[in-house]
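Mapping the sequence shown onto this note's numbering, position 135 (from 1) lands on 135, and the numbers just tick up by one.
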Amino acid sequence: TLRAPSSLANPKFPNQANVEIRVQTRRIGRRMRSALLLGQYNTGLEVEGFPLVKSLFAIESYIMAASAEVLTLDKRAESHDGWTIVLPRGKRRSRKLPKIGSLEEQGGTVVSWTPSDTKSSEDRRSKLELKMVGCMKRVENSVFYQKFVEQMQTQQVMDHFHKVLEGSEQKKMQMVVYGIGSIESHETPRLQLSIALLIKREFSWIGDLQVFDPILSATECQVLEALGCTVLSVNEQGRRRATSPTLFFMPHCEAGLYNNLLKANWDVEAMNRVVLFGNSFQLYRQYASFKNLIVVDSNHILAVENITDEFVLSTVSEDYFAAFHDSSWHFFRPCLTTDLQVLDEK
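Next up, the structure:
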């Protein structure tokens, strides 16, 4: 729980001296900015105002640090520039993103994954299928989707897609969806998955669609497979090397997951096969530019600045804000090994 200082309270609502934003630790990376921006919006604060933006950057940096590293606190609550991190009570503990090394570092061991929630029923599957079908229809008929596709079809963006595909024996670009979240419990993951499924249908050059999130239930896996997706049986932690042209669809994932992906493809040949849709790398660089603020697990993200062509999502309407705000298409164009210099890891 993050509790805002009273200095940020909305004068229109004097009784709301504190704004509380609760974020599930497990999904902290991909949900936190949505929750924060929506929380600030609901209190009437200006999103463009520098003080608010600075506060958001500070909050996100603290949250990312807490989600990706062990955060040691001697007290139950610690204040940072007026914002208070309130730890869970009792024996409940936040779950951290596991620090899993590469397969080589693990002795080549591949750890299989199965859903923790194995309960399923025909009624539960049917309800989720209806939710997904309804969501896809709404998205397909929306102005947002129309603009999303139009941006992909612009000459500049399409040239980048073609460049990734050219020279490859593969005629299609596989799509890998990481960190989608629970499509049964939340609308935002359903919107994100709907976009992935619809653009696969829209563009003939997009091939097989693979999906993974460790929180997926058995029911969700069954519905995903019914929708034509392949659910991965291994938690790759984003460490997928692109051996063929690959579109990584990763809206609102944790910085560590993007960093793992870049690290796994950290050579000229592999980087030129990668297309990434996810959080804006430009924003990560802005976070890092603020004095004393740290974007945890971001050394590779910051290092690709000069070899990245980024196209910010052009239109995000209110209905799709939580699912796609601050998202971008990223294409990489390293020519020499010297283009891939990593900043020192702290």
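Just so it is clear, CB atoms sit at the ideal spot from N, CA and C, and this is done for glycine as well.
Since we're looking at a predicted model, the values are computed, not measured.
His300 carries a helical assignment under DSSP once its states are collapsed to helix, strand and coil.
Three or more beta-carbon pairs separated by less than 8 Å are not found between the segment 232 to 240 and the segment 139 to 156, which leaves the two stretches without contact.
Residue pairing from DSSP places Glu310 in a beta bridge opposite His330. The segment 277 to 288 and the segment 246 to 264 touch, with three or more beta-carbon pairs separated by less than 8 Å. In this structure Cys335 is exposed. Its beta-carbon is surrounded by fewer than 16 other beta-carbon atoms within 10 angstroms. For Asp117, the secondary structure class from DSSP, reduced to helix, strand or coil, is coil. In this structure the segment 200 to 212 does not lie against the segment 307 to 315, because fewer than three pairs of beta carbons, one per stretch, are closer than 8 Å.
Asp117 and Thr219 have their C-alpha atoms roughly 8 Å apart. Going by DSSP, Asn259 is part of the alpha helix (DSSP H) stretching over 255 to 264. In this structure, Met132 is the residue among Met132, Gln174, Gly228 with its C-alpha nearest to the C-alpha of Pro189.
Residue pairing of Ile206 in beta bridges, as defined by DSSP: Met173. Around the beta-carbon of Ser298, 16 or more other beta-carbon atoms lie within 10 Å, marking it buried.
Just so you know, the alpha carbons of His252 and Val176 end up roughly 14 Å apart.
In the three-state reduction of the DSSP assignment, Thr219 falls in the helix class. Per DSSP, reduced to three states, the secondary structure at Phe290 is coil, with no helix or strand assignment. In this chain, the beta strand (DSSP E) harbouring Leu276 covers 274 to 279.
Ser185 and Leu216 have their C-alpha atoms spaced approximately 10 Å apart. Less than 8 Å separates the beta-carbon of Asp213 from that of Gly181.
Shown here, Val231 sits in a strand according to DSSP, grouped into three states.
Close CB contacts of Gln282 within its chain, under the 8 Å cut and outside five residues either way in sequence, are with Glu310, Val312, Ser328 (chain order).
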